[in-house]
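Each residue of the sequence shown is one higher than the one before, counting from 880 in the working numbering.
Quick reminder that beta carbons are idealized off the backbone N, C-alpha and C, glycines included.
Here the structure is a predicted model, which means the values were calculated and not measured.
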Amino acid sequence: MTQHTILIADDSSSVRSILKVYLNPLRAEVLEADTGERALRLAKLMPLSLMISDINMPGMDGLTLVEQVRRDTRPSVAGVPVILLTSDKSAAAQARMREVGADELLYKPISADALVAIATRYLNKA
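Here it is, written out as structure tokens:
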């Protein structure tokens, strides 16, 4: 069985902890980053199966993080599936998510079942 690695990028430690608990049934290694900059460094240092990032973070936000990941010259970095989290349900947010190359947009509050279902879909492609 392949060991998957999931990176959660969110400036809120409580949100990271909740998401980590939600992802527990997947038996994946879960890494945490409290900033977009740290998430980008981790994505470049180790192979990831999936990245989950909040859009609203101080410094590098989730949209910029996705842009930077997609611009990387290494397919192992640029091709990582990215799920963005937001409470903004506007059409503009959806358009911007697609524009930067994110794979999914999940709206807060996030249910454990929805997150596991979507994460499983991407992990099964890996």
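What are the start and end residues of the beta strand (DSSP E) that includes residue i?
i	result
Val909	Glu908 to Ala912
Would residue i and residue j be called neighbours here (beta carbons separated by less than 8 angstroms)?
i	j	result
Val909	Met930	no
Leu927	Ala998	no
Lys923	Val956	yes
Ala972	Ser932	no
Asp982	Met936	no
Lys886	Leu921	Just to set this straight, residue 886 is Leu in the shown sequence, not Lys. A contact, by the Cβ cut-off of 8 angstroms.
What distance in whole Å lies between the Cβ atoms of residue j and residue i, which are believed to be in contact at a cut-off of 8 angstroms?
i	j	result
Asp940	Gly915	6 angstroms
Gln947	Leu919	5 angstroms
Ala993	Leu1002	With a Cβ gap of about 15 angstroms, Ala993 and Leu1002 do not count as contacting.
Leu944	Arg975	Not really, about 13 angstroms apart at Cβ, beyond 8 angstroms.
Alpha helix (DSSP H) containing residue i: first to last residue?
i	result
Leu886	That residue, Leu886, is in no alpha helix (DSSP H); its beta strand (DSSP E) goes Thr884 to Ala888.
Met930	Element bounds for Met930: not the alpha helix (DSSP H) but the beta strand (DSSP E), Leu929 to Asp933.
Ser990	Run containing Ser990: none; DSSP gives neither H nor E here.
Gly941	Gly941 to Arg950
Which one or two residues does DSSP pair with residue i in a beta bridge?
i	result
Val961	Met930
Leu921	Partner(s): none; Leu921 has no beta bridge.
Glu983	Ile962
Assign residue i to buried or exposed, taking buried as 16 or more other Cβ atoms, counted over all protein chains shown, within 10 Å of its Cβ.
i	result
Val961	buried
Gln882	exposed
Val866	With the chain covering only 880 through 1005, there is no way to say anything about residue 866.
Arg1000	exposed
Ala912	buried
Arg977	exposed
Met880	Annotation note: pLDDT 47 at Met880 (below 50); position unreliable, coordinate value reported separately. Met880 comes out exposed.
Arg895	buried
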